[in-house]
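Undergrad:
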Amino acid sequence: MMKILLTACLTLLALYCHAEGAVITGKFAVKAGDTEAYTVTWTDWDNFYENNANVSWTIVGGTIVSQSKHEVTIHWDVPAGYINTVGSIEVFEDLGAQGTERQVTIENHTEGGSDLCSGILGPAAIYEDFGSGPNPGGALAPGTTTYQY
């Protein structure tokens, strides 16, 4: 009985240690709206895994464009406002319980010119140059600030 318990504990320990058996590679600081590809390298992977393992990808902050047992392509979301946010990529295979997760910084930069206006948008509808001559009256005397007509 003790031998069975010890074997069970060692098996569970081996599965626990084996669970982080993957490495994701790719770009982990992306611009909002970009599409990026990521690759997973499995620690223990052979033809048996290739033929029998089911791989699942879970993405936060983006949408999966395409996926396979070894690669995923993600279109990263554009967050509201002009703030950066954090997304994540998680991959797991069910045969050997290998998996891993990585965070991705989604940088939301504002590009382009200012939205502020400068100058006028066309000729003035009314133009009056008060005090310069033949408009409604003669030129103003130096130091004069008012004019009645």
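Residue numbering for the sequence shown follows this note's numbering, starting at 2 and increasing by one per position.
The beta carbon of each residue, even a glycine, is placed where N, CA and C say it ideally should be.
This structure is a prediction, so every number in the text was calculated from the model and none was measured.
1. So which of Thr-146, Glu-108, Leu-96, Thr-106 has the shortest CA-CA distance to Glu-51?
2. Please name the residue in Trp-77, Gly-144, Gly-82 whose C-alpha comes closest to that of Lys-28.
3. Report back the beta-carbon spacing between Asn-109 and Ala-33 to the nearest angstrom; my notes put them in contact at under 8 Å.
4. Just to check my reading of the structure: Glu-102 and Ala-54 have Cβ atoms closer than 8 Å, yes? What is that Cβ distance to the nearest angstrom?
5. Could you name the residues that DSSP lists as bridge partners for Trp-43?
6. For Gly-88, count neighbouring Cβ atoms within 10 angstroms of its own Cβ and tell me buried if that reaches 16, exposed if not.
7. Looking at Thr-59: is its Cβ nearer than 8 Å to the Cβ of Glu-91?
8. In its own chain, which residues sit with a C-beta less than 6 Å from the C-beta of Thr-74, not counting the 5 before and 5 after it?
9. Under three-state DSSP, which class holds Phe-93?
TA: Short version:
1. On the sequence shown, position 50 is the one that residue 51 refers to. For the residues Thr-146, Glu-108, Leu-96, Thr-106, the minimum Cα distance to Glu-51 belongs to Leu-96.
2. On the sequence shown, residue 28 is found 27 positions in, with the first residue counted as 1. Considering only Trp-77, Gly-144, Gly-82, the residue with the shortest C-alpha distance to Lys-28 is Trp-77.
3. To locate residue 109, count along the sequence shown from 1; it is residue 108. To locate residue 33, count along the sequence shown from 1; it is residue 32. The C-beta distance from Asn-109 to Ala-33 rounds to 4 Å, short enough to fall under 8 Å.
4. Along the sequence shown, read from residue 1 onward, the residue named residue 102 stands at position 101. Along the sequence shown, read from residue 1 onward, the residue named residue 54 stands at position 53. In fact, because the Cβ distance is near 18 Å, the residues do not count as touching under 8 Å.
5. Translated into the one-based positions of the sequence shown, residue 43 becomes position 42. The partner list for Trp-43 (beta bridge, DSSP) reads Ala-23.
6. One-based indexing of the sequence shown puts residue 88 at position 87. Burial call: buried.
7. Within the sequence shown, numbered from 1, the residue matching residue 59 stands at position 58. Within the sequence shown, numbered from 1, the residue matching residue 91 stands at position 90. It is a contact, given that the beta carbons lie within the stated cut-off.
8. As a working mapping, residue 74 is identified with position 73 in the sequence shown. Excluding sequence neighbours, Thr-74 sits near Ala-38, Val-66, Ser-67.
9. Against the sequence shown, residue 93 aligns to sequence position 92. DSSP places Phe-93 within a strand segment (E or B) once states are collapsed to three.
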